[in-house]
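Numbers -19 to -1, 1 to 121, taken from mature numbering (1 follows the signal peptide of the UniProt record, and there is no 0), label the letters of the sequence shown in order.
From the three backbone atoms N, C-alpha and C, an ideal C-beta is built for every residue, glycine too.
Since the structure comes first, as structure tokens, the remarks are kept for the end.
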Amino acid sequence: MKRFSYFIATLLISIFAFSCSSEDPMGEWDLMKWNYEGSALKTKPKKVFNVPKEGHTYQFKCTNYNRFWLSSIEEKVNNEVKRHDQNDDIHNINGDWSNAKADEKVLTITIAPNMSDAKRYTEVEVTAGDVFDSFYFEQE
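Following this line, the structure appears as structure tokens:
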């Protein structure tokens, strides 16, 4: 009986050990995937959009996460960088000339008209847990 109990215990430990192994390591999240104007955006480290001087509103739809939230907006003009972090509202961030809104799967980013002659840069960072993504905008 003692041998049988030892055998059962060894068998159960082996089953648990093999069932715990996984192809997806713990903490590895899929990159966020986005659609823009009905087309899938390429998954690449830097998504850059050229904004007309008159400004523009962009809408992106996340296709593989149900919810995400905003992390920050970083605005740069004349080598001066200003970072706007989310405070109490993780779904809305307002910068000096840009704002971002997260509404379930849709990210809306508005860049205001540029009244100066200086080129402006905006980076919007979003997150869905341990996965982050950024959108870059350049405006004449």
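Residue i and residue j closer than 8 Å at C-beta
| i | j | result |
| --- | --- | --- |
| Ala83 | Leu51 | yes |
| Met13 | Asp111 | no |
| Ile74 | Ala81 | yes |
| Asn95 | Gln120 | yes |
Neighbourhood of residue i by C-beta distance below 6 Å, restricted to the same chain and skipping five residues each side
| i | result |
| --- | --- |
| Glu55 | Arg64 and Glu104 |
| Phe41 | Trp15, Tyr17 and Leu88 |
| Gly76 | Ile54, Glu56 and His65 |
| Tyr39 | Ile90 |
Beta-carbon proximity list for residue i, same chain, < 8 Å, skipping 5 on both sides
| i | result |
| --- | --- |
| Glu85 | Asn47 and Arg48 |
| Ser97 | Val58 |
| Thr44 | Lys14, Trp15, Asn16, Ala21 and Lys86 |
| Ala109 | Trp10, Met13, Cys43, Tyr46, Arg48, Phe49 and Trp50 |
| Lys100 | Val58, Glu119, Gln120 and Glu121 |
| Ser79 | Ile54, Glu56, Ile90, Thr91, Ile92, Ala93, Thr103, Val105 and Phe118 |
For residue i, the first and last residue of its enclosing beta strand (DSSP E)
| i | result |
| --- | --- |
| Thr103 | Arg101 to Thr108 |
| Arg64 | Glu61 to Asp66 |
| His37 | His37 to Cys43 |
| Asp69 | Premise fails: Asp69 is in no beta strand (DSSP E) and is neither H nor E. |
| Phe118 | Phe113 to Gln120 |
| Asn47 | Where Asn47 is concerned, there is no enclosing beta strand (DSSP E), given that its DSSP letter is neither H nor E. |
| Trp15 | Trp15 to Tyr17 |
| Lys28 | Lys28 to Val32 |
Expected contact under 8 Å - CB spacing of residue i and residue j to nearest Å
| i | j | result |
| --- | --- | --- |
| Tyr117 | Lys34 | With 8 Å as the limit, Tyr117 and Lys34 do not qualify as a contact, their Cβ atoms being about 17 Å apart. |
Just list the beta strand (DSSP E) runs in the region 77 to 103, keeping only unbroken ones of 3 residues or longer that don't cross its boundaries, in chain order. 79 to 84 and 87 to 92
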